[in-house]
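Q:
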Amino acid sequence: MREILAMNGITDPRTIAPGTILVCPAPPPGLPRTITEPPVAPGADPSVDPGTGPDLGPNDGPSG
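If you read the sequence shown in my numbering, its first letter stands for residue 110, the second for the next number, and so on.
Structure below.
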């Protein structure tokens with residue numbers, strides 16, 4: 110990571126503005142250039158974002 114920051118002239122990672130495009134080095138020779146994704150569990154809905162929880166309305170939260 111430090112190499113990428115140095116290539117882009119960044120000394121403090123906290124100063125990177127949102128949307129900044131960083132230049133990255135080429136991958137080492139001999140490595141495959143394809144990216145493999147982990148297998149999807151059977152029955153998983155691909156349209157569901159696993160990073161978000163259910164939307165709770167005002168009456169759906171815990172009572173008490």
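Don't be surprised by glycine CBs; every beta carbon is placed ideally from N, CA and C.
Keep in mind that this is a model prediction, so the values were computed, not measured.
(1) For ALA126 and ILE119, I'd like the C-alpha separation in whole angstroms.
(2) Going by DSSP in three states, THR124 sits in which element: helix, strand or coil?
(3) How is ALA135 classed by DSSP in three states: helix, strand or coil?
(4) When the Cα atoms are used, what is the spatial distance from THR129 to ALA135?
(5) Does the separation of the CB atoms of MET116 and VAL132 fall below 8 Å?
A: A quick look at the data gives this:
(1) 11 Å
(2) helix
(3) coil
(4) Straight-line spacing of the CA atoms in THR129 and ALA135 works out to 19 Å.
(5) yes
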